[in-house]
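Written out below as structure tokens is the structure these notes cover.
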Amino acid sequence: MSPRSTEQSPRRFLTDRMLGTLTRYLRFMGYDTMSANSLSPGNTREDTLLLDIASKDDRILLTRDRELARRGGAQAVYIASEDVMEQVRQVAPASGSSSPGSG
Numbered sequence: 004m005s006p007r008s009t010e011q012s013p014r015r016f017l018t019d020r021m022l023g024t025l026t027r028y029l030r031f032m033g034y035d036t037m038s039a040n041s042l043s044p045g046n047t048r049e050d051t052l053l054l055d056i057a058s059k060d061d062r063i064l065l066t067r068d069r070e071l072a073r074r075g076g077a078q079a080v081y082i083a084s085e086d087v088m089e090q091v092r093q094v095a096p097a098s099g100s101s102s103p104g105s106g
């Protein structure tokens, strides 16, 4: 039986520099997750660059920066908690699955 074309592909994420541990958890769970830490440091326009990457690569931007999340609109999720397990639970709705890794 062939895969159904109506199935959504797993969400892809882009994390800001404040979410290094969450990035590792998401990668371990099988999510395609890019980190701002892979970008050149010191870019004064990094927030704009992150928004551009999220849009171009169809990624959900995960950030601890409220203003950046606001600017990103539906393409961004503000991560409120500093606890990584809470962060993972918060990402579940954005991933399109009931729990990360099940999609």
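Heads up: the sequence shown at position 37 corresponds to 40 in my numbering, and the numbers run straight through without jumps. We treat Cβ as the ideally placed atom computed from N, Cα and C, and that holds for glycine. Since the model is a prediction, treat every value here as computed from it, not as a measurement.
Taking a contact as a CB-CB distance under 8 Å, the pair D68 and A39 does not count as one, their CB atoms being some 11 Å apart.
In this structure, DSSP gives I82 a state outside helix and strand, which the three-state scheme calls coil.
Remark: C-beta atoms of I63 and V80 approach each other more closely than 8 Å. Minimum Cα-Cα distance from R73 among the listed residues E89, D60 and L54 corresponds to L54. With fewer than 16 other CB atoms across the displayed protein chains lying within 10 angstroms of its CB, T47 is exposed. By the neighbour-count definition (other C-beta atoms within 10 Å, threshold 16), A77 is an exposed residue. Assignment of beta strand (DSSP E) within the segment 30 to 58, counting only whole runs of 3 or more residues, yields 36 to 38 in chain order. The beta-bridge partner set that DSSP reports for T18 consists of S38 and L65.
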